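All residue numbers for the sequence shown refer to the working numbering, where the first residue is 14 and numbers rise by one. Even for Gly, the Cβ is constructed at its ideal location relative to N, Cα and C. Keep in mind the model is a prediction, meaning the values are calculated, not measured.
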Amino acid sequence: MIQGITIYELLTVTSILFFIGIYGFITRKNLISILISVELILNASVINFVIINKYLYPDILQGAVFSIFIIAVAAAETALAVSIIINLYRQISSVEVKDIETMKY
Numbered sequence: 014m015i016q017g018i019t020i021y022e023l024l025t026v027t028s029i030l031f032f033i034g035i036y037g038f039i040t041r042k043n044l045i046s047i048l049i050s051v052e053l054i055l056n057a058s059v060i061n062f063v064i065i066n067k068y069l070y071p072d073i074l075q076g077a078v079f080s081i082f083i084i085a086v087a088a089a090e091t092a093l094a095v096s097i098i099i100n101l102y103r104q105i106s107s108v109e110v111k112d113i114e115t116m117k118y
């Protein structure tokens with residue numbers, strides 16, 4: 014266990030991190046900023062899995078294994094999103110969300 018820090022304090026910090034990511038996802042207009050916000054959300058959930066696993070089941074590694082799986086999926090998602098953003102930039106020379114809507118017409 015971590016000395017001096019309770020599970021409630023750690024979960025509060027990760028919840029704040031999660032909601033900062035949600036706020037960034039909702040308010041940002043740039044695709045790169047939105048991608049960073051999504052990564053922040055995923056990292057907050059990974060930290061939650063590790064914390065809950067550490068405090069509730071310290072001898073079982075299922076939370077850590079699941080966290081590694083989430084990190085791998087997040088890396089694949091980031092690679093795919095960056096490649097899509099690069100192709101969009103080559104097509105329309107912008108990474109703003111409002112400019113992508115013009116591709117429909």
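Taking the straight line between their C-alpha atoms, what separation do you get for residue i and residue j?
| i | j | result |
| --- | --- | --- |
| leucine 23 | leucine 53 | 16 Å |
| isoleucine 18 | asparagine 66 | 15 Å |
| glutamate 109 | proline 71 | 45 Å |
| glutamate 105 | arginine 41 | For the sequence presented, residue 105 should be read as isoleucine rather than glutamate. So the alpha carbons of these two residues sit roughly 19 Å apart. |
| valine 86 | leucine 55 | 10 Å |
| alanine 88 | phenylalanine 79 | 14 Å |
| asparagine 4 | glutamine 16 | Nothing about residue 4 can be read from this structure; the chain reaches only from 14 to 118. |
| valine 63 | arginine 103 | 39 Å |
| isoleucine 81 | threonine 115 | 38 Å |
Would you give the residue range spanned by the alpha helix (DSSP H) that residue i belongs to?
| i | result |
| --- | --- |
| lysine 42 | Note, lysine 42: premise wrong, no alpha helix (DSSP H); not H, not E. |
| isoleucine 113 | 110-113 |
| serine 80 | 75-105 |
Taking residue i as the reference, which of the options has the closest Cα?
| i | options | result |
| --- | --- | --- |
| leucine 44 | Lys111, Thr115, Met116 | Lys111 |
| phenylalanine 31 | Val51, Tyr21, Ile18, Arg41 | Val51 |
| isoleucine 29 | Ser58, Thr40, Ser46 | Ser58 |
I'd like the list of long-range same chain contacts for residue i, defined as Cβ closer than 7 Å, with 5 residues on each side in sequence excluded.
| i | result |
| --- | --- |
| isoleucine 60 | Thr27 |
Only counting the same chain, and skipping five residues up and downstream in sequence, which positions put a Cβ closer than 8 Å to that of residue i?
| i | result |
| --- | --- |
| leucine 48 | Thr91, Ala94, Val95, Ile98 |
| phenylalanine 38 | Ile47, Ser50, Val51, Ile54 |
| isoleucine 122 | With the chain covering 14 to 118 only, the question about residue 122 has no answer from this structure. |
Might you give, ordered along the chain, the residues of its own chain that have their beta carbon closer than 6 Å to the beta carbon of residue i, omitting 5 neighbours on each side?
| i | result |
| --- | --- |
| tyrosine 68 | Ile20 |
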